[in-house]
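The structure appears right after this line, and notes come after that.
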Amino acid sequence: MFFAIPFKTHAQCKNFAKKICRLELSPYIHDGNYNAAILTEGEDAELFKTFYAGQQYRIAVCGSETLTKIEFMVMDVDRKVLYSNAKNNFATTWDFKVENTQQLIILVKVPVTSPKDEELKSGCVAIMFGLKTD
Amino acid sequence: MITGYKKLLIFTVAILVAVGIVSCKCNRQSDEVMNLSPDEIKTDSSLVSSIESVKQIFYSLPSPLETAMILKRSGATYNEELLNSIDNASRYNTTKSMALNLGIYSTDLSYASLFDQTQATIKYMTVSKKMAEGLGILNAIDNSVIQKLEENINNREVILETISETFLNTNSILEEDDRVAVGSVILVGGWIEGLYIATSLVGDISKVDNEMVDRIIDQKLSLQTVLNLLKQSISNADVKELYNDMLELEKVYNDVKISVSNVEVVQDGKSKVATLRSKNATSISPDAFNKLKTKVKELRTKYTA
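One line per chain: the protein sequences are A and B, in this order.
When we follow this note's numbering, the leftmost residue of the first sequence carries the number 1, and every step to the right adds one.
When we follow this note's numbering, the leftmost residue of the second sequence carries the number 135, and every step to the right adds one.
As structure tokens, this is what we get:
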């Protein structure tokens, strides 16, 4: 029983990323990488990636239905915030291109929305990248 | 002698204590994060760097599909002779060799597909399936995938979507099975193949000033991601060996210079696509390029042997 629960949540996370979050990338093509984890309200995750000049990208950051909203920020290597979806009505996607190849950091946070006397909610959070084709 | 009831009691208490410890840690992390609003973070970048309670860190390498797209955009031509022959597949019997070559064949597959080389695409998908099965990643690439490719030979969009889906299946199955180390080796194999194809396509850099050389230089940035990714599974012997190879590559890349200026965001209201503007200064001497090309070839030969 103790081992069945994590396996089940992993499988749910995989299905969520594949069947729900991936659709947010359309019409961009998903790069094929899998970046997803179970996060609890108040927790955060960071992703480090190099983005290449000439390529147009779409970032999609999605949370499964137990999590009402997910915040994400795109930062440069000095951790200067370049984009925050909190300033954009918690949009789940952001389209961008880089003039020169850049290393960027995607910071994802699950805000606490549960009342203080209630248990914190957990759910799957996926960070996916779409590539624009010609 | 401890009775069954006592054993159960001790076990229950132990579980409650363990759950209590984990809960305390989660709550403390929550409080730290709750004190920071997005506005506060935006106005004080040093505050952002003080966040130490990151639950999960991902190091994302360019996937084989992205690598192939970068190659094509930077003016690469298609040269099938550069690809790892599918006849070599029978040599790969260890986890490390199968994982590395699943990555290598995946990049070859993506490269072929972007140049509309349908027969090569199907051939490389078939050999990738063989590697995946050898690694016990069952169902990541099934016969319906090959059939879908065959039925859509003139539809590049469907072909790319199908390839993307097989990569996602492979990566997510490995994550689910707690085989992150194998996933990392696959990604590094794919990345090295991209670098091998790119460096092989550039003859004499003193005679060219092209995007391909720029993208090869840019891989110095991804190399740091490679090292961080591998470091996460360094207790694995295969990963450790690969990590040491990458340190050798890093030594060669030390002669390649990249400096990045302040990044600014320009939002295009019409297309809704933001542009990140910066001025990068890069340089590579012909000698450094030749050393890099030789090192990449040496590593790729080692991995495909």
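For glycine and all other residues, C-beta sits at the position ideal for the given N, C-alpha and C.
The distance from the Cβ of Leu363 of chain B to that of Tyr387 of chain B is about 16 Å, inconsistent with a contact at the 8 Å cut-off. If you check each beta-carbon in the region 14 to 37 of chain A against every beta-carbon of chain B, the ones closer than 8 Å belong to Lys14, Ala17, Lys18, Arg22, Ile29, His30, Asp31, Gly32, Asn33, Tyr34, Asn35, Ala36, Ala37.
Within the region 280 to 299 of chain B, contact with chain A at the beta-carbon level (separation under 9 Å) is assigned to Arg290, Glu291, Leu294, Glu295, Ile297, Ser298, Glu299.
At a cut-off of 8 Å between C-beta atoms, Lys404 of chain B does not count as an interface residue with respect to chain A. Against chain A, the beta carbon of Arg207 of chain B has neighbours under 7 Å at Gly54, Gln55, listed in chain order. Taken in chain order, the whole alpha helix (DSSP H) runs of length 4 or more contained in the region 177 to 258 of chain B are 179 to 183, 198 to 207, 229 to 248.
In the three-state reduction of the DSSP assignment, Thr113 of chain A falls in the coil class.
Out of A:Asn35, A:Thr113, A:Glu119, the CA that lies nearest to the CA of Ile59 of chain A is found in A:Asn35. Separation of Asp421 of chain B and Ile339 of chain B (C-alpha to C-alpha, rounded to the nearest whole angstrom) is 10 Å. For Ser64 of chain A, DSSP records no beta bridge to any residue. Scanning chain A for C-beta atoms nearer than 9 Å to the C-beta of Lys413 of chain B yields Glu99, Asn100, reported in chain order.
Take Cys13 of chain A, set aside five residues on each side of it, and the residues of its chain with a beta-carbon closer than 8 Å to its own are Ala36, Ala37, Ile38, Ser64, Cys124, Ala126, in chain order. Between Leu216 of chain B and Ser334 of chain B, the CB-CB gap stays under 8 Å. Neighbours of Gln12 of chain A in chain B, taken as residues at a C-beta separation under 7 Å, are lacking, since the least C-beta distance is about 10 Å. DSSP places Arg349 of chain B inside the alpha helix (DSSP H), whose first and last residues are 345 to 365. Here His10 of chain A is not near Met128 of chain A, since their CB atoms are 8 Å or more apart. When Cβ-Cβ separations below 8 Å define contact, Ile127 of chain A makes contact with chain B. In the DSSP assignment, Glu291 of chain B falls outside any beta strand (DSSP E) and lies within the alpha helix (DSSP H) extending over 290 to 310. Beta-carbon to beta-carbon, Ile238 of chain B and Glu327 of chain B are separated by about 4 Å, close enough to satisfy the 8 Å threshold. Chain A has no Cβ within less than 8 Å of the Cβ of Phe249 of chain B.
The Cβ of Ile418 of chain B sits no closer than 8 Å to any Cβ of chain A. For Val397 of chain B, the chain A residues whose C-beta falls within less than 8 Å of its own C-beta are Asp76, Lys80, Leu82, Gln102, listed in chain order. Membership of Arg411 of chain B in the beta strand (DSSP E) is indicated by the continuous run 408 to 411.
Three or more beta-carbon pairs separated by less than 8 Å link the region 105 to 122 of chain A to the region 70 to 79 of chain A, which places the two stretches in contact. At a cut-off of 8 Å between C-beta atoms, Leu47 of chain A counts as an interface residue with respect to chain B. If only uninterrupted beta strand (DSSP E) runs of at least 3 residues are considered, those enclosed by the region 11 to 93 of chain A are 36 to 40, 44 to 51, 56 to 63, 71 to 75, 81 to 84. Of all alpha-carbon atoms in B:Arg290, B:Ala332, B:Lys354, the one lying nearest the alpha-carbon of Lys427 of chain B is that of B:Ala332.
Close to Thr359 of chain B, with beta-carbon spacing below 8 Å, are these residues of chain A in chain order: Phe48, Lys49, Thr50, Gln103.
In this structure, DSSP gives Ser318 of chain B a helical state, which the three-state scheme calls helix.
Contact annotation: Ser412 of chain B and Val430 of chain B have beta-carbon atoms that are not nearer than 8 Å. Around the beta carbon of Thr113 of chain A, fewer than 16 other beta carbons sit within 10 angstroms, so the residue counts as exposed. Contact annotation, Val319 of chain B with Val360 of chain B: C-beta distance approximately 11 Å; criterion of less than 8 Å not satisfied. In chain order, Leu47, Phe48, Lys49 make up the part of chain A whose C-beta sits under 9 Å from the C-beta of Tyr193 of chain B. Here DSSP, grouped into helix, strand and coil, assigns Glu432 of chain B to helix. Val279 of chain B sits in a helix when the DSSP states are folded into three classes.
In the structure shown, Asp372 of chain B falls within a helical segment according to DSSP collapsed to helix, strand and coil.
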